[in-house]
Amino acid sequence: MYSWVSRQLRRAYEQVLRREVGEGPTHVGIIQDGNRRYARKQGGETPEGHQAGANTSEQVLNWCEELDISELTLYAFSTENFDRPLKEREPLFDIIESKLYELADSQRVHDAEVCIRALGEIQRLPERIQSAIEYAETETNQYSGFRLNVALAYGGRNELLRAACDVTAAIEAGDLRPKEIDVETIESHLYRQPIRDVDLIIRTGGDERTSNFLPWHANGNEAAVYFCAPYWPEFSKIDFLRGIRTYEAREHSWQQTRIERAVTLIQALGDIEIAEAHGIGRRLRNQLPDRGTEKVTDKLPIQHVSESKEPTETDQAQTGPAD
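Each residue of the sequence shown is one higher than the one before, counting from 1 in the working numbering.
This is the structure:
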């Protein structure tokens with residue numbers, strides 16, 4: 001009776017969370033921590049924990065599809081994991097190899113047009129894993145419906161260092177000039193394939209650190225981070241929805257900050273020409289979420305000209321770009 005009530009309560013809470021979240025993020029990255037601790041908790045061996053974690057990863061793909069998330073990056077094996085004993089690494093490699101082939105051959109993956117890609121220093125992995133990666137990527141490289149990145153032999157600092165070395169080599173070879181280096185240049189040398197900026201990072205297992213995960217695409221995008229206590233095999237849809245809610249709360253806060261800055265700017269324009277204030281106001285309204293436009297408009301000085309009037313070339317010259 002208790003377990004039935006518990007299931008009903010969880011189902012009801014899940015429905016509440018689902019109604020609370022809106023569009024959600026485009027790209028989610030997950031640090032799958034706690035597989036070994038889960039196995040010890042269950043009285044089993046480490047490989048059992050990794051196998052249970054692999055099952056959770058498949059569930060997350062379903063949840064992403066339900067929420068229209070376009071890209072998922074799973075942190076499956078870090079460069080630091082090479083320091084683990086061989087007896088731990090080999091069973092984990094067995095699971096990774098098996099899952100890559102399984103996903104590549106899955107009708108569900110092909111129906112959803114999932115494109116599978118590996119990130120990291122792939123050349124450091126055993127040949128059998130490299131072959132599985134090549135197979136999965138080849139079988140799904142024509143798809144664009146959903147992007148699944150699997151971070152293997154991955155370390156964010158190493159990726160940045162490698163990109164810096166590649167750019168330096170290009171300069172020395174005369175293929176690139178220092179003044180030509182920009183954000184796009186660095187991104188073109190990161191990872192084996194381009195990825196979107198990450199919007200939300202989730203870490204399971206109770207540790208509150210991002211472990212060198214996607215530093216360029218997370219920090220540069222001011223990604224939200226959600227830390228939760230369940231070990232990865234215990235991670236549930238409720239935990240996932242809580243993570244999405246954290247992202248949306250952070251996004252709302254950031255948009256509110258932009259609105260407040262815009263209002264402050266308009267208030268500071270009290271002593272300038274009315275036409276100039278309205279010119280800047282138009283630009284700000286185009287850059288703000290819907291709920292911010294009314295606040296900006298309310299702070300504009302009264303203008304005795306129709307708002308629908310198109311600005312003249314003189315108006316545009318007076319107004320200039322707004323920051």
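For glycine and all other residues, C-beta sits at the position ideal for the given N, C-alpha and C. As the structure is a computational prediction, the values presented were derived from the model and not from experiment.
Look up residue i in the DSSP assignment and give the residues it is bridged to.
| i | result |
| --- | --- |
| N149 | T73, R117 |
| V225 | I201 |
Assign residue i to one of two classes, buried (16 or more other C-beta atoms within 10 Å of its C-beta) or exposed (fewer than that).
| i | result |
| --- | --- |
| V150 | buried |
| S78 | buried |
| K99 | buried |
| L214 | buried |
| S57 | buried |
| P233 | buried |
| G43 | exposed |
| Q15 | exposed |
| H304 | The pLDDT assigned to H304 is 45, lower than 50, so where the model puts this residue is not dependable; a value taken from the coordinates is nonetheless given after this. Flag for H304 reads exposed. |
| T66 | Correcting the residue type first, residue 66 is Glu in the shown sequence and not Thr. E66 comes out exposed. |
| L72 | buried |
| I181 | exposed |
| E208 | exposed |
| E377 | Residue 377 is absent from the model: the chain starts at 1 and stops at 323. |
For residue i and residue j, what's the separation of their Cα atoms in angstroms?
| i | j | result |
| --- | --- | --- |
| S106 | V114 | 10 Å |
| F157 | E121 | Per the sequence shown, residue 157 should be read as Arg rather than Phe. Distance between the alpha carbons of R157 and E121 is about 12 Å. |
| T204 | D111 | 29 Å |
| S131 | L125 | 10 Å |
| R192 | E251 | 29 Å |
| R36 | I129 | 21 Å |
| S211 | G155 | 8 Å |
| V21 | E172 | 50 Å |
| G206 | I133 | 30 Å |
| G220 | W4 | 45 Å |
| P85 | Q32 | 19 Å |
| L119 | N81 | 15 Å |
| L152 | A169 | 25 Å |
| Q142 | L148 | 13 Å |
| L160 | V183 | 12 Å |
| L61 | A136 | 16 Å |
| T319 | Q123 | Low per-residue confidence applies at T319: pLDDT is 42, beneath 50, and the placement is therefore not dependable, though the value from the model is reported in the following sentence. About 55 Å. |
| Y101 | R11 | 33 Å |
| A54 | E139 | 20 Å |
My output table needs one value for residue i: the three-state DSSP class, helix, strand or coil.
| i | result |
| --- | --- |
| A173 | coil |
| I31 | strand |
| I202 | strand |
| S78 | strand |
| F93 | helix |
| Y13 | helix |
| Y154 | strand |
| S131 | helix |
| P194 | coil |
| I244 | helix |
| N219 | helix |
| S236 | coil |
| V21 | coil |
| S188 | helix |
| N62 | helix |
| R40 | helix |
| A136 | helix |
| I122 | helix |
| P178 | helix |
| L160 | helix |
If residue i and residue j are in contact, beta carbons under 8 Å, what's the gap, nearest whole angstrom?
| i | j | result |
| --- | --- | --- |
| H189 | D175 | Not quite, the Cβ-Cβ distance comes to about 12 Å (not below 8 Å), so this is no contact. |
| Y38 | Y231 | 4 Å |
| L241 | L17 | 4 Å |
| A218 | G29 | 7 Å |
| I116 | L103 | 6 Å |
| I244 | Y13 | Actually they are not in contact, since the Cβ atoms of I244 and Y13 sit about 14 Å apart, beyond 8 Å. |
| T46 | E97 | Not really, about 17 Å apart at Cβ, beyond 8 Å. |
| L92 | H50 | 5 Å |
| Y247 | A224 | 4 Å |
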